[in-house]
Amino acid sequence: MQERLQRPEVTPQDYILVFQRADLLDHALRVDLLTRQVTVGPTIEPRRPWIRFEIEPLAFEMWMGQLESFEVVLETSRFVAYRQPEQHDPKVWEVLRLYF
């Protein structure tokens, strides 16, 4: 994931993405699209825009094992998304579909 974020076509954006397995919410991957860093931990900075995904366990494991892309997870609706602010940002969703 870290390598995919470093690609030149991925433009930095002021967003934090958090990916959690729905049955293990205290474990998470945190992606900072501004710094292009991936860390472990569900930390969300309240002053920055963020999206948090709770992903069904099987879908999470298949995505982490690179058996399916995140786009497949999105298309099959095997997640719940929470976001702040509550608005759609097409550029962030494009990054999610193409590089995760």
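With positions in the sequence shown counted from 1, the corresponding number in our numbering is that position plus 2.
Beta carbons: idealized from backbone N, C-alpha and C, even for Gly.
* **Minimum length 4: unbroken alpha helix (DSSP H) runs contained in the stretch 26-87** => For the stretch 26-87, the continuous alpha helix (DSSP H) assignments of 4+ residues that do not extend past its boundaries occur at 59-66, 72-77, in sequence order.
* Is the beta carbon of G43 less than 8 Å from the beta carbon of R32? -> A contact, by the Cβ cut-off of 8 Å.
* Asked: Comparing alpha-carbon positions, which option in P59, Q4, Q15 lies nearest F81?
  -> Out of P59, Q4, Q15, P59 has the C-alpha closest to the C-alpha of F81.
* Asked: Can you give the Cα-Cα distance for P10 and M3, rounded to whole angstroms?
  -> Rounded to the nearest whole angstrom, the CA to CA distance from P10 to M3 is 14 Å.
* Asked: Using the beta-carbon count (16 or more within 10 Å), is D34 buried or exposed?
  -> The residue is buried, with at least 16 neighbouring Cβ atoms inside 10 Å.
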